[in-house]
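Protein chains in written order, with the working numbering: chain E, -7 to 174; chain L, 5 to 196. Cβ atoms here follow ideal geometry from the backbone N, Cα and C, with glycine treated the same way. Remarks on the structure that follows.
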């Protein structure tokens, strides 16, 4: 028989052999093989050492009040309002939702597309809105200045009003004075 | 055959819990309390934390009683919940904050190893060194390899159950176990 350790499936078989979960016929075949194959024998011996070492890590006794604490938590949860019980089931499910990974990927892709639409040239950004409003107000003031130049007594009140309105547009939302009609 | 019977028993108990039978939940708790706590203890290596996480596991089992469907083995589902909670705890970086003393565990372990006799100081020291090495070796494994080894070695779960608990393929589980045991062989061989 060729050395079974050389292929991945062989290593699995040797691991199962050490764990004692191979059927008797397969285990007997491995017994025969490791007598002749030094490499496999070495691996089996090393794996047995690991297995025995792990056996030394004995289980702990569970605290005596474990059940009492658990039942107290269950009682507390059962006494909670229905909406809180529902929230618990939704946000702390027994096993993780299988769809969250694709959902996050989809949301990330959507956000990337939205960002590209806003930032790419041609898109309407806050910055372009700001520039547009500033341009309009500057033009309006220029016109006003021309019309109210020395020697001219007529002031276009409508244009001044328009300019002031445009200035209002430049004020960031939330910074309006309390008396502002907006 | 015994495994099939166990599956039926656990699944039936859980279905009875679904119908409002609290005694069946107590039976499930009695059957699986120690394996779950010990699996979590070996994962997070802190007794208080492992019990707290185990409480959360059984709380989630109870909370899911109304929607439970026996599509997989009960133990696979149970260890999937436990693994998920343990991995989240480890990834949250809480491990660094919990330095557990080995002394209590060593005393419990050595008493079991040398049953019915008072352990000598030497026996206690040898056992302590051994357990410390094993714990360090297990802790050094990547999280998924650690979970796979613990379920394979201590809980006796087969490849299919481990793959269900870790949400990966059986072939991935074999690969995880192969790499984990290889690392452990290198690390623990000198302790023979």
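Sequence-distant residues of its chain with Cβ nearer than 6 Å to residue i (five each side left out)
i: residue 14(L); result: 78
i: residue 46(L); result: 154
i: residue 85(L); result: 61 and 64
i: residue 58(L); result: 40, 41 and 44
i: residue 72(L); result: 18 and 22
Cβ-based neighbour list, residue i, same chain, cut-off 8 Å, excluding 5 preceding and 5 following
i: residue 144(E); result: Here residue 144(E) scores only 47 on pLDDT, less than 50, and its place in the model should not be relied on; the value that follows carries that caveat. Taken in chain order, the list of residues that qualify is empty.
i: residue -6(E); result: none
i: residue 197(L); result: Because chain L here runs from 5 to 196, residue 197(L) falls outside it and cannot be looked at.
i: residue 5(E); result: -4, 14, 18 and 22
i: residue 183(L); result: 149
Counted within 10 angstroms of its Cβ, other Cβ atoms place residue i as buried (16 or more) or exposed
i: residue 194(L); result: exposed
i: residue 103(E); result: exposed
i: residue 34(L); result: exposed
i: residue 167(E); result: Caution is warranted here: a pLDDT of 43 is assigned to residue 167(E), below 50, making its placement in the model unreliable, and no coordinate value can be reported.
i: residue 93(L); result: buried
i: residue 57(E); result: exposed
i: residue 124(L); result: exposed
i: residue 81(L); result: buried
i: residue 122(E); result: With a pLDDT of 48 at residue 122(E), under the threshold of 50, the modelled position of this residue cannot be trusted, and the question is left open.
i: residue 105(E); result: exposed
i: residue 129(L); result: exposed
i: residue 109(E); result: exposed
i: residue 17(L); result: buried
Own chain, CB closer than 7 Å to residue i, minus 5 neighbours either side, in chain order
i: residue 254(L); result: Residue coverage of chain L in this structure runs from 5 to 196, which leaves residue 254(L) outside it and unanswerable.
i: residue 100(E); result: none
i: residue 79(E); result: none
i: residue 66(L); result: 29
i: residue 55(L); result: 41
i: residue 180(L); result: 148, 149 and 152
i: residue 178(L); result: 163
i: residue 8(E); result: 14
Neighbour flag for residue i against chain B, beta carbons, 7 Å
i: residue 195(L); result: In the structure shown, chain B does not exist; the protein chains are E and L.
Scan the region 154 to 180 of chain L for residues whose Cβ lies nearer than 7 Å to a Cβ of chain E and list them as they occur along the chain. 157 and 178
query = Listed in chain order, which residues of the region 47 to 60 of chain E have Cβ atoms closer than 7 Å to some Cβ of chain L?
reply = 48, 49, 50, 51, 52, 53, 54, 55, 58 and 59
What are the residues in the region 133 to 146 of chain L lying within 9 Å of chain E by C-beta distance? 134, 135, 137, 138, 139, 141 and 142
Closer than 7 Å, Cβ to any Cβ of chain L: which residues of the region 20 to 36 of chain E, in chain order?
none
Length-filtered (4 minimum) alpha helix (DSSP H) runs lying within the region 40 to 108 of chain E: 58 to 71 and 74 to 83
*asked:* Ignoring anything shorter than 4 residues, give me the alpha helix (DSSP H) runs that lie fully in the region 18 to 69 of chain L, in order along the chain.
replied: 26 to 48 and 51 to 67, all fully within the region 18 to 69 of chain L.
Note down, one range per segment and in chain order, each alpha helix (DSSP H) of at least 4 residues found wholly within the region 136 to 193 of chain L.
147 to 157, 163 to 170 and 174 to 192, all fully within the region 136 to 193 of chain L.
Q | Chain-ordered residues of the region 53 to 70 of chain L with a beta carbon less than 7 Å from chain E | A | 55, 59, 62, 63, 64, 65, 66, 67 and 68
Task: Contact residues within the region 34 to 46 of chain L, judged by C-beta distance below 8 Å to chain E - done: The region 34 to 46 of chain L vs chain E, Cβ under 8 Å: 37, 38, 41, 42, 45 and 46.
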